[in-house]
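Asks: Last residue of the sequence shown: 108 (UniProt numbering), numbering continuous.
For every residue, glycine included, the Cβ atom is placed at its ideal position computed from N, Cα and C.
Okay, here's the structure, questions in a sec.
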Amino acid sequence: MTAIDDQAGETIELDPDVWDLRLYIAGQTEKSVAAIENLRRICDEHLPGKYKVEVIDLLQNPQLASGDQIVAIPTLVRKLPNPVKRIIGDLSNTERTLVGLQLRARQS
């Protein structure tokens with residue numbers, strides 16, 4: 001386990017085996033809903049019990065976009081494990097999403 005201090009100064013324990021994912025959306029649009037469903041399906045299939053997903057609606061919290069340098073939505077950000085990775089789109093292309101998350105090697 002790794003410990004970090006959050007913005008409030010509290011210590012948070014991090015499990016190195018748990019993937020920390022953030023999905024940035026803008027309201028309940030068709031693309032946003034598809035991205036949420038696709039992400040849950042991919043995680044349930046390829047990371048069962050080893051992931052945490054935080055869905056951030058930028059219509060409700062637009063200030064959160066700058067922290068992860070969000071320029072398009074929907075965007076998936078893999079915070080952990082390092083390095084940080086970003087995938088833009090509704091995640092409907094499972095192969096592309098797995099490669100982007102580094103769960104699968106890129107096919108030549």
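On the CB-based measure, 16 or more other CB atoms within 10 Å of its CB, does R106 come out buried or exposed?
Replies: Under this definition R106 is an exposed residue.
Asks: Assuming V18 is part of the beta strand (DSSP E), what are its boundary residues?
Replies: Where V18 is concerned, there is no enclosing beta strand (DSSP E), given that its DSSP letter is neither H nor E.
Asks: In whole angstroms, what is the alpha-carbon distance linking P62 and R104?
Replies: The straight-line gap from Cα to Cα measures roughly 32 Å.
Asks: Between the segment 19-32 and the segment 76-85, do at least 3 Cβ pairs fall closer than 8 Å?
Replies: Yes, they touch.
Asks: Just to confirm my understanding: we take N38, look at its own chain, exclude 5 residues before and 5 after, and list those with CB closer than 8 Å. What are they?
Replies: Contacts found: D90, L91, S92, T94 and T97.
Asks: With a CB to CB cut of under 6 Å and the five nearest residues on each side skipped, what residues in its chain are close to A8?
Replies: The pLDDT assigned to A8 is 49, lower than 50, so where the model puts this residue is not dependable; a value taken from the coordinates is nonetheless given after this. Taken in chain order, the list of residues that qualify is empty.
Asks: Which whole runs of the alpha helix (DSSP H) in the UniProt domain "KaiB" (22-103) are 4 residues long or more, in chain order?
Replies: Qualifying alpha helix (DSSP H) stretches, in chain order: 30-46 and 94-100.
Asks: From R41 to R86, what distance separates their C-alpha atoms?
Replies: Going by the C-alpha atoms only, they are around 18 Å apart.
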